């Protein structure tokens with residue numbers, strides 16, 4: 001079937017998850033036994049594949065977890081609660097690798113959560129993602145969920161994209177733009193930051209790849225924040241920024257909240273970034 005659809009060579013599979021949210025479906029009594037049967041069968045035949053446990057309930061996991069096994073966390077929170085988890089991973093054991101396989105901001109003003117992402121929700125996700133990136137020695141992977149919804153006919157909201165039955169209706173949410181900004185400005189080394197400031201309402205993380213430096217910023221609050229970032233031995237770069245009012249959102253055929261990009265020049269290696277309320281920004285310099 002793969003070859004018939006245009007690919008003759010097998011796909012390279014690096015990860016396999018065993019089950020899905022077994023602790024939510026009454027499967028904890030049998031999951032440890034099922035886990036080991038599947039784990040042994042896969043690892044014996046494909047020792048280079050990394051395996052993932054489908055939950056984090058220690059009553060639902062094998063007593064002796066195999067080395068290298070990744071635990072999969074799923075959580076959805078109100079915006080304030082998601083920001084409150086900013087430093088959650090700071091205090092976790094550094095020996096247990098983690099995947100946050102599902103996360104996102106949800107409010108409960110409506111029966112099925114909020115209809116569509118707002119800038120407050122997307123900014124809370126950015127602050128939380130900064131916390132994930134700061135702990136990337138432990139948090140190996142993370143994924144926003146879900147991806148798509150048909151407006152008015154959905155089991156879950158919000159999602160990264162929405163659409164309806166009209167032509168050209170695919171609509172990126174504000175959360176999509178945050179994900180795009182962070183994923184396309186990604187360093188391979190997390191850097192220490194020297195500052196007298198404390199986290200909240202402004203959150204940040206710094207990284208680099210070769211000679212390019214990235215500083216991600218989220219202003220989770222109603223006031224402007226003036227930020228000065230010093231990156232020695234750099235001269236120019238750009239700032240990509242997403243912002244809007246607390247409840248700003250995108251709608252079908254009315255996409256009003258999108259990132260803007262502007263070039264910046266340093267003054268002796270120092271860059272000034274004005275963060276508007278509920279703003280998310282990435283400073284990239286070299």
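Numbering (full-length UniProt numbering), first residue to last: 1 to 286. By construction, the Cβ of each residue, glycine as well, lies at the ideal position given by its N, Cα and C atoms. Since the structure is predicted, the reported quantities are computational estimates derived from the model, not experimental observations.
Short Cβ contact (8 Å threshold) for residue i with residue j
| i | j | result |
| --- | --- | --- |
| residue 243 | residue 119 | yes |
| residue 262 | residue 239 | yes |
| residue 89 | residue 135 | yes |
| residue 70 | residue 99 | yes |
| residue 174 | residue 124 | no |
| residue 146 | residue 156 | yes |
| residue 86 | residue 199 | yes |
| residue 55 | residue 72 | yes |
Per-residue burial, residue i [other beta carbons within 10 Å of its own, 16 or more giving buried]
| i | result |
| --- | --- |
| residue 273 | buried |
| residue 233 | exposed |
| residue 74 | buried |
| residue 66 | exposed |
| residue 1 | exposed |
| residue 131 | buried |
| residue 13 | exposed |
| residue 278 | buried |
Limits of the beta strand (DSSP E) - the one that residue i falls within
| i | result |
| --- | --- |
| residue 288 | Because the chain here runs from 1 to 286, residue 288 falls outside it and cannot be looked at. |
| residue 141 | 139-144 |
| residue 189 | 189-191 |
| residue 162 | 161-163 |
Start-to-end residues for the alpha helix (DSSP H) that takes in residue i
| i | result |
| --- | --- |
| residue 134 | 119-134 |
| residue 103 | Looking at the DSSP string, residue 103 is not in any alpha helix (DSSP H); the run it does join, the beta strand (DSSP E), is 98-105. |
| residue 175 | 174-183 |
Residues that DSSP places opposite residue i in a beta bridge
| i | result |
| --- | --- |
| residue 156 | Paired residues: none, contrary to the question. |
| residue 203 | 218 |
| residue 283 | 215, 239 |
| residue 16 | 51 |
| residue 209 | 212 |
In the stretch 23-90, which residue ranges form an unbroken alpha helix (DSSP H) of at least 4 residues, counting only runs that do not cross its ends? 31-45, 79-84
Report the start-end ranges of each beta strand (DSSP E) in the stretch 222-280 that is 3 residues or longer and not cut off at the edges. 225-230, 236-242, 260-265, 270-275
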